[in-house]
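For the sequence shown, counting from 1, position 156 maps to 159 in the numbering used here; every step adds exactly one.
Don't be surprised by glycine CBs; every beta carbon is placed ideally from N, CA and C.
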Amino acid sequence: MTIRIVLFGRQGAGKGTQAGRLSEHFGAPHISTGEMLRDAVAEGSEVGQRVKAIVDAGQLVSDELMLDVIQDRLEHDDVQRGGFILDGFPRTLAQAEALVDLTPFDLAVNIEVPYEVVVERMQSRGRSDDHPEAITARLNTYETQTLMALAFLSSKGLVVDVDGIGEPDEVFERLVKAIEARLGPA
Ligand code: AMP
């Protein structure tokens, strides 16, 4: 079975970790837009040069550029064969609307961790965009923009909420259960 999942969660909710594990479990490629952008920055590619300052400041890269990046990625063979676990996209209402037009998917899974808990978790991560101003900017963006993307998909009945508090193993089990409850066992 091919699975196509979109993961939501505040920065620091364990989204990246869980995306990796779900990818392994369901045999679907993990697509992290943040990772793709960080790779582009590290390579010094044209995209990387355009986005470095924005990413380091914890702001959102333009919808237009992100859509180009994701559209391109979804055309790769591994996605055609294995589906995807999408991590970090969509982050705005415009991106969510574009995604629905771009590709069918099975489910959006929202990993719920409260604001205060993620702030504490993120301070111990050490990425170049994990300084206090960028953390605040990313969390604010989540509240003002990403929640609208989530609400849009929710209105289409595409979202399931999962409690993200607890040990990673525990959260992973909840995620698999929630996904299989909706889609059937892998
Ligand atoms: P992440 O690893 O998901 O926390 O993403 C790191 C950074 O990459 C974000 O703070 C944004 O600057 C940028 N980014 C990743 N995904 C998106 C997206 N879908 N739209 C806009 N910017 C993004």
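| Check | Outcome |
| --- | --- |
| Leaving aside the five residues before and after Ala16 along the sequence, list all residues of the same chain whose C-beta is less than 7 Å from its C-beta, in chain order. | Ile114, Val116, Val121, Gly167 |
| Could you round the C-beta distance between Arg76 and Ile34 to whole angstroms and report it? I think they count as a contact, below 8 Å. | 6 Å |
| Could you give the first and the last residue of the continuous beta strand (DSSP E) run that contains Ile6? | 6-12 |
| Can you say whether Ala239 is buried or exposed, counting buried as having 16 or more other CB atoms within 10 angstroms of its CB? | One cannot answer for residue 239 here, as it falls past the ends of the chain, which runs 4 to 189. |
| Going by the C-beta, is Arg124 closer than 7 Å to any heavy atom of ligand 1? | no |
| For Leu89, which beta-bridge partners are listed by DSSP? | Val9, Ile34 |
| Span of the beta strand (DSSP E) holding Val58? | Per DSSP, Val58 belongs to no beta strand (DSSP E); it is in the alpha helix (DSSP H), 49-59. |
| Using only the heavy atoms of ligand 1, determine whether one of them is closer than 7 Å to the beta carbon of Gly51. | no |
| How far does the beta strand (DSSP E) with Ile114 in it extend, from its first residue to its last? | 110-115 |
| So the alpha helix (DSSP H) Asp133 belongs to, where does it begin and stop? | It is not in any alpha helix (DSSP H) - Asp133 carries neither H nor E in the DSSP assignment. |
| Please name the residue or residues paired with Leu166 in a DSSP beta bridge. | Before going on, a small fix: residue 166 reads as Asp here, not Leu. Looking at the DSSP assignment, Asp166 forms a beta bridge with Glu115. |
| CB of Phe92 to nearest heavy atom of ligand 1: below 7 Å? | yes |
| Can the beta-carbon of Val58 be found closer than 8 Å to that of Thr36? | no |
| Along the chain, where does the alpha helix (DSSP H) that runs through Leu68 open and close? | 66-77 |
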